[in-house]
């Protein structure tokens with residue numbers, strides 16, 4: 002809160018005591034009285050022709066994990082979210098899909114989960130933390146909810162690859178990312194007669210808004226020791242640089 006310096010904090014009454022002692026106005030959502038209307042506040046979408054509105058305006062600030070030091074706040078623009086989920090061929094979510102949302106909203110996997118569904122007219126199935134950490138329960142919820150698109154961290158994918166076999170078989174898209182994929186776990190999924198229609202390895206730091214590149218996995222060689230991160234998604238450029246920040250030639254490691 003000190004780093005981002007918000008003008009206000011939206012909070013539920015039960016969570017107020019969890020907030021650190023900072024001098025920021027709080028809006029307690031439970032106590033807001035909307036019974037007599039919204040007090041003149043706008044109830045619809047903003048006027049897109051109004052001056053100043055542009056796709057380059059900030060949508061939110063997402064903090065990095067801090068694995069390389071202190072977590073950094075990354076300002077994400079509206080157009081970055083749009084390019085992630087609209088008209089991007091790596092995952093064509095439609096009105097017929099149901100996307101699972103189990104990621105913490107402080108993790109940018111949630112950006113893909115929420116907006117790939119809402120901006121494409123799909124259903125969004127919210128998965129509780131308790132369910133996410135119970136693989137047998139998660140398998141049941143995904144099947145009963147008719148989930149067709151699922152994003153899992155590499156760690157959960159490796160851990161749940163056997164328990165979620167039936168749920169995986171119902172998916173159009175299974176996206177995995179956040180860490181290095183285990184080829185052994187991937188091979189298990191690919192060896193099954195019934196498997197996700199599309200199994201995708203997604204790569205991207207927070208600064209790139211969830212994914213910078215993706216790789217659809219169709220098959221693995223017997224001696225595969227790693228999974229490619231693929232090529233940039235639509236409306237994204239990737240630069241491979243050497244230790245001096247200069248572009249490397251084709252075929253040279255960066």
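In this note's numbering, the protein residues as written are 2 to 255.
In this text, a Cβ means the ideal position worked out from N, Cα and C, and glycines have one as well.
query: If you drop the 5 nearest sequence neighbours on each side, which residues of the same chain put their C-beta closer than 6 Å to that of residue 197?
result: 169, 172, 175
field: Continuous beta strand (DSSP E) assignments of at least 3 residues falling wholly in the region 161–238
entry: Listed in chain order, they are 174–178, 199–204, 214–217.
query: How big is the Cα-Cα spacing for residue 136 and residue 49?
result: 44 Å
Beta carbon of residue 128 nearer than 8 Å to that of residue 103: yes
message: Cutting at 6 Å between CB atoms, please list the residues of its own chain near residue 182, excluding the five before and the five after it.
response: In the same chain as residue 182, and ignoring 5 residues on each side of it, the C-beta atoms closer than 6 Å to its own belong to 155, 202, 228, in chain order.
- request: Count the C-beta pairs between the region 90–100 and the region 72–79 that are closer than 8 Å, then say yes if the count reaches three, no if not.
  value: no
query: How about residue 213 and residue 150: are their beta carbons less than 8 Å apart?
result: No, they are not a contact pair.
- request: Please name the residue or residues paired with residue 27 in a DSSP beta bridge.
  value: 10
- prompt: Would residue 57 pass as a contact of residue 80 if the rule is Cβ separation under 8 Å?
  reply: Against a cut-off of 8 Å, the Cβ pair of residue 80 and residue 57 comes out as a contact.
- prompt: From residue 139 to residue 22, what does the alpha carbon distance come to, in whole angstroms?
  reply: 37 Å
- request: Report all residues from its chain with a CB closer than 8 Å to the CB of residue 153; omit the five preceding and five following residues, and keep chain order.
  value: 161, 175, 176, 177
field: Residues that DSSP places opposite residue 124 in a beta bridge
entry: Paired residue(s): 99.
Residue(s) in a DSSP beta bridge with residue 61: 77
- request: Excluding the 5 residues preceding and the 5 following residue 13 in the sequence, name in chain order all residues of the same chain whose CB lies nearer than 6 Å to its CB.
  value: 30, 31
query: Got a sec, what are the start and stop residues for the beta strand (DSSP E) residue 150 sits in?
result: 150–154
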